[in-house]
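J.:
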Amino acid sequence: MSADAVVSRKGAHRWASGHPWIYRSDVTRRPDVAAGAVLVRDTGRRPLGWALWSPASEISLRLLDAHADAVIDTEWWRGRLRASAARRSSLGDDTSAWRVVHAEADGCPSLVVDRYDVWLVIQLLSAGLEAFRAPIVDALVDAFAPAGVLARNDAAVRTKEALTRETVLLAGDVPREIEVREHGVRYLAAPWDGQKTGAFLDQRENRMLAGQLARGRALDCFSYHGSFALHLARRADRVTAVDSSLAALARARENAARNAIDTIDFVEADVFDFLREAESRGDRYETIVLDPPAFAKTRGALASALRGYKEINLRAMRLLSSGGILFTASCSFHLSKPLFLEMLTRAAADSGRRMILRHFLGQPLDHPEVLTIPETGYIKAAVIEAD
Ligand code: SAH
Numbered sequence: 000m001s002a003d004a005v006v007s008r009k010g011a012h013r014w015a016s017g018h019p020w021i022y023r024s025d026v027t028r029r030p031d032v033a034a035g036a037v038l039v040r041d042t043g044r045r046p047l048g049w050a051l052w053s054p055a056s057e058i059s060l061r062l063l064d065a066h067a068d069a070v071i072d073t074e075w076w077r078g079r080l081r082a083s084a085a086r087r088s089s090l091g092d093d094t095s096a097w098r099v100v101h102a103e104a105d106g107c108p109s110l111v112v113d114r115y116d117v118w119l120v121i122q123l124l125s126a127g128l129e130a131f132r133a134p135i136v137d138a139l140v141d142a143f144a145p146a147g148v149l150a151r152n153d154a155a156v157r158t159k160e161a162l163t164r165e166t167v168l169l170a171g172d173v174p175r176e177i178e179v180r181e182h183g184v185r186y187l188a189a190p191w192d193g194q195k196t197g198a199f200l201d202q203r204e205n206r207m208l209a210g211q212l213a214r215g216r217a218l219d220c221f222s223y224h225g226s227f228a229l230h231l232a233r234r235a236d237r238v239t240a241v242d243s244s245l246a247a248l249a250r251a252r253e254n255a256a257r258n259a260i261d262t263i264d265f266v267e268a269d270v271f272d273f274l275r276e277a278e279s280r281g282d283r284y285e286t287i288v289l290d291p292p293a294f295a296k297t298r299g300a301l302a303s304a305l306r307g308y309k310e311i312n313l314r315a316m317r318l319l320s321s322g323g324i325l326f327t328a329s330c331s332f333h334l335s336k337p338l339f340l341e342m343l344t345r346a347a348a349d350s351g352r353r354m355i356l357r358h359f360l361g362q363p364l365d366h367p368e369v370l371t372i373p374e375t376g377y378i379k380a381a382v383i384e385a386d
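According to numbering that gives the first Met the number 0, the sequence shown is numbered sequentially starting from 0.
1) So is the beta-carbon of TYR308 under 8 angstroms away from any non-hydrogen atom of ligand 1?
2) Which two residues bound the contiguous alpha helix (DSSP H) that contains ALA253?
3) For ARG444, verify whether its CB is less than 8 angstroms away from any heavy atom of ligand 1.
4) Got a sec? Which residues, its chain only, sit under 7 angstroms from PHE265 by beta carbon, not counting five neighbours each side?
5) Excluding the five sequence neighbours on either side, which residues of its own chain have a C-beta within less than 7 angstroms of the C-beta of ARG353, listed in chain order?
6) From this set, LEU334, SER109, THR286, PHE359, which residue's C-alpha is nearest LEU301's C-alpha?
7) Three Cβ pairs or more, each shorter than 8 angstroms: is that satisfied between the region 279-296 and the region 225-236?
8) Got a sec: does ligand 1 put a non-hydrogen atom nearer than 8 angstroms to the Cβ of TYR223?
9) Using only the heavy atoms of ligand 1, determine whether one of them is closer than 8 angstroms to the beta carbon of ARG98.
10) Is the distance from the Cβ of LEU162 to the Cβ of ALA126 below 9 angstroms?
11) Quick check on the burial criterion: 16 or more other C-beta atoms within 10 angstroms. Buried or exposed for ASP269?
12) Helix, strand or coil: which one does DSSP assign to HIS358?
13) Mapping DSSP to helix, strand and coil, what is ASP201?
14) For TYR308, report the span of its alpha helix (DSSP H) as first-last.
15) By the 10 Å Cβ neighbour count, where 16 or more other Cβ atoms means buried, how is HIS66 classified, buried or exposed?
16) At a cut-off of 8 angstroms, would you count ALA380 as near ligand 1, judging by its Cβ distance to the nearest heavy atom?
17) Per DSSP, which residues does ALA39 bridge with? Please list them.
18) For SER109, which of helix, strand or coil comes out of DSSP?
19) Could you give the distance in angstroms between the alpha-carbon of LEU343 and the alpha-carbon of GLY351?
20) Bridge partners of VAL369, per DSSP?
21) If you compare alpha carbons, which of VAL156, SER109, ALA34, LEU119 is closest to VAL99?
22) Exposed or buried, which one is ALA104 when buried takes at least 16 other CB atoms within 10 Å?
23) Count Cβ pairs between the region 55-72 and the region 80-93 that sit closer than 8 angstroms; are there 3 or more?
24) Can the beta-carbon of ALA102 be found closer than 9 angstroms to that of THR375?
25) How big is the Cα-Cα spacing for ALA2 and VAL39?
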């Protein structure tokens, strides 16, 4: 019986090579305590550091601090928050919403903190982390003095941690809708019931770039609340925004009005059908954006996901006018950068046209991708020009 964990050589090696997770099968002595922080030792009983302990999860331990004498309290969390904020100091004031803490990538395993203007929306995604809810909220209030802190703890991964799924206010108050400023565009985020924590902050700079490249007739596929379309409309003559969700399109319409933009047409359709029909009509676009949801939610779904990605990219390539620009993205973690490029290459080959890779893009500054922690990176995007 002990409050400490002991891990196998393989488990210890994972930490030594820069990944913070130790799986259940590499824990040779499980701590006899509830979820929280535990001291971890190697097979020789040497202390390796402190970790979040999740008794029910396959990911048993998540490294917090490699110093055995660390004390994981409010002050410790405040230190991590300060370091995360400093990493983002060059973000500038062109945006009022950004990710303050990107979990493992910021040394705060399973913690997501997104800032929307003066409010914070957080996710506590492991049992070990949930045990620190109070000190984390205290540290957030100390560090950022937010008007409110909302926990979007409704993510499915919480069930793997034997945690309930809930959306709950942890401090102050948080409105149903928050206006976000993003490089000259305004849109409403929906912290209580929107996707993720209320908006997709991870493509902010990619949207700005797509807006700078846009012209002529533009198409925004999988538009959600229209954030790409709003950027495209700044330079394009006319934009068609396509999404299968009427609720998302209703918000997109409101967002267009908020920006005094009247050049966007909203279409409720399945993008696969829309692209097929546009192709058979012989339509042409100067600018196309493809920002689909993750088609590969699991590794097993990768093969069929690749067929889906290839189909929409191939059709988009065929719809481009000469000199036209395609911005295309994937947020499936299981689709690696090489596979993404290979899929685009096959689509280009089948399109019968010469496609030029102008930019290969990844995540913005506030979603750091740590090389030794592949799970911290999931967005790949490319800008492709048709010859
Ligand atoms: N581009 C958006 C985020 C897109 S999220 C942004 O930058 O904010 C993915 C969107 O795709 C969701 O709004 C969802 O409703 C929509 N969607 C999913 N499958 C679809 C399909 N087959 N056809 C059309 N829209 C789809």
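Backbone N, C-alpha and C define an ideal beta-carbon position, used for all residues, glycine too.
T.: Judging by the given coordinates:
1) no
2) The sequence as given places Glu at residue 253; Ala does not occur at that position. Note, GLU253: alpha helix (DSSP H), 245-257.
3) In the structure as shown, the chain starts at 0 and stops at 386, and residue 444 therefore has no counterpart that could be examined.
4) ALA240, LEU248, ALA251, ARG252
5) ASP386
6) LEU334
7) yes
8) yes
9) no
10) yes
11) exposed
12) strand
13) helix
14) 301-318
15) exposed
16) no
17) Before going further, note that residue 39 is Val rather than Ala in the sequence given. DSSP lists ALA4, GLY48 as partners of VAL39.
18) coil
19) 13 angstroms
20) According to DSSP, which records beta bridges pairwise, VAL369 is partnered with nothing at all.
21) LEU119
22) buried
23) no
24) yes
25) 9 angstroms
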